[in-house]
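Visitor: Protein sequences, first through last, are from chains Z and P.
FYI, in our numbering the residues of the first sequence are 17 to 132.
FYI, in our numbering the residues of the second sequence are 66 to 181.
Ideal Cβ placement from N, Cα and C applies to all residues, glycine included.
The structure presented is a predicted model; accordingly, all values stated were derived computationally and were not measured.
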Amino acid sequence: AQTVTQSQPEMSVQEAETVTLSCTYDTSENNYYLFWYKQPPSRQMILVIRQEAYKQQNATENRFSVNFQKAAKSFSLKISDSQLGDTAMYFCAFMARHQAGTALIFGKGTTLSVSS
Amino acid sequence: DAGITQSPRHKVTETGTPVTLRCHQTENHRYMYWYRQDPGHGLRLIHYSYGVKDTDKGEVSDGYSVSRSKTEDFLLTLESATSSQTSVYFCAISEPGLAGDKYEQYFGPGTRLTVT
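Following this line, the structure appears as C-alpha cells:
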C-alpha cells in the first residue's frame, strides 16, 4: 500500500519570501504521478502542480516548483515570492499509473500562513 | 474551472436518517469519485465510478452506497447516518488518458454534513 507523509503540520512565511513544503511517500510502484493541491479557506481543492515519475525534470508552474527526488521518494513544493493569497492548506497526493482512475492517496496536509 | 457542482452545500441531519449527496458534472468525464475530509486524515476515498452503473469501493466505504445512472451524476447515500459520518464530502472527476497523459482529478466545492 502507498502512503504519503507531510511532516510539517503548520508553516508560516512573510510576503515575498520563499517557503518549501515537504512530502515523502512510500511505494513499490515505478510509474506514478505526484500532485500538490491547495485548499484555501473557501474549501475548494485546487490543483497546483503535477509531476510524472518518469520525467526527470522538475515541474514548475509560475511561482510554484517541485524538487522531485525519486530515489529518496521525496516531493517537496517550493513557493517563491509568497503572496497573501497563498495562505491555505496544501496537500501532497500520489497516484499509481496503473491505478489511474482509482484513487489519489493524500497526505494529511500542511497549513501555510503568509503574513505581510 | 471544471464544471462540477455538489448539492446540498451544507446539511444538518439526525442520527439514523438517510442522506443523499449529489455530484453533477458538465465535463463528460468517465471517472467520478467521492472523498471525505476529516481533521488529521487528509482526504480519503469512499467510492468511485468508472462509467454508468460501474462503481467500486474505496478505503472508507462502510456505511455508504453510491449510484450512477447517468454520466453526469454521481450520488452518495448514507442509508442511516451516524455521528462518525460528520465530515466534509468532496466529489471529483477525471478522464485518464486525455491528450498529454494527464491523470489529475478536479474537485467540486464540497458538502459539509453534520450528523447530530
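1) 8 Å is my cut-off, CB to CB: does P/Val153 come that close to chain Z?
2) What residue range does the beta strand (DSSP E) around P/Gln90 cover?
3) Given 8 Å as the limit, is there contact between the stretch 126 to 133 of chain P and the stretch 124 to 131 of chain Z, that is, 3 or more CB pairs closer than that?
4) Chain Z partners of P/His106, CB-CB under 7 Å?
5) When DSSP builds the beta bridges, which residues end up paired with Z/Tyr42?
6) If you follow the beta strand (DSSP E) that P/Leu178 is in, where does it begin and where does it stop?
7) Listed in chain order, which residues of the stretch 55 to 76 of chain Z have Cβ atoms closer than 9 Å to some Cβ of chain C?
8) If we count the other Cβ atoms within 10 Å of its Cβ and call it buried at 16 or more, is P/Gly182 buried or exposed?
9) Is the CB-CB distance between Z/Gln99 and Z/Glu33 below 8 Å?
10) In chain P, what lies closer than 8 Å to Z/Met111 by C-beta?
11) Less than 8 Å between CB atoms is the rule here; does P/Tyr113 satisfy it with respect to chain Z?
12) If P/Tyr154 and P/Leu141 are in contact, beta carbons under 8 Å, what's the gap, nearest whole angstrom?
13) Let me see if you follow: with CB-CB separation under 8 Å, is Z/Phe84 close to chain P or not?
14) Where Z/Pro25 and P/Ser159 are concerned, what is the direct C-alpha to C-alpha distance, given to the nearest angstrom?
15) Measuring only the C-alpha atoms, how far is P/Glu92 from P/Gly116?
16) Can you tell me whether Z/Lys54 is buried or exposed? The criterion is at least 16 other CB atoms within 10 Å of its CB, across all chains shown.
17) Considering only the alpha carbon of each residue, which of P/Thr70, P/Lys76, P/Gly68 and P/Ser72 lies closest to P/Thr183?
18) Considering only residues of the stretch 73 to 132 of chain P, which uninterrupted beta strand (DSSP E) runs meet the minimum length of 3 residues and lie entirely inside it, listed in chain order?
19) Based on the DSSP secondary-structure assignment, which residues constitute the bridge partners of Z/Ala48?
20) Helix, strand or coil for Z/Asp102 per DSSP?
21) Are the CB atoms of Z/Leu63 and Z/Phe80 nearer to each other than 8 Å?
22) Pick from Z/Ser96, Z/Thr76, Z/Gln72 and Z/Gly101: whose alpha carbon is nearest that of Z/Ala87?
Guide: Quick answer:
1) yes
2) Val84 to Gln90
3) no
4) The answer, in chain order, is Lys124.
5) What sits at residue 42 of chain Z in the sequence shown is Asp, not Tyr. Bridge partners of Z/Asp42: Z/Thr19.
6) Thr176 to Val180
7) In the structure shown, chain C cannot be found, because the protein chains are Z and P.
8) Residue 182 of chain P lies beyond the stretch modelled for chain P, which goes from 66 to 181, so this question has no answer here.
9) It is not a contact, given that the beta carbons lie outside the stated cut-off.
10) Tyr168
11) yes
12) Contact flag correct, Cβ pair sits at about 7 Å.
13) no
14) 28 Å
15) 13 Å
16) buried
17) Any answer about residue 183 of chain P is impossible in this case: the structure gives chain P only from 66 up to 181.
18) 75 to 78, 84 to 90, 96 to 103, 107 to 116 and 119 to 122
19) The identity of residue 48 of chain Z in the sequence shown is Tyr, whereas the question assumes Ala. Looking at the DSSP assignment, Z/Tyr48 forms a beta bridge with Z/Ala112.
20) Three-state DSSP puts Z/Asp102 in a helix.
21) No, the pair does not count as a contact, with Cβ atoms beyond the cut-off.
22) Z/Gln72
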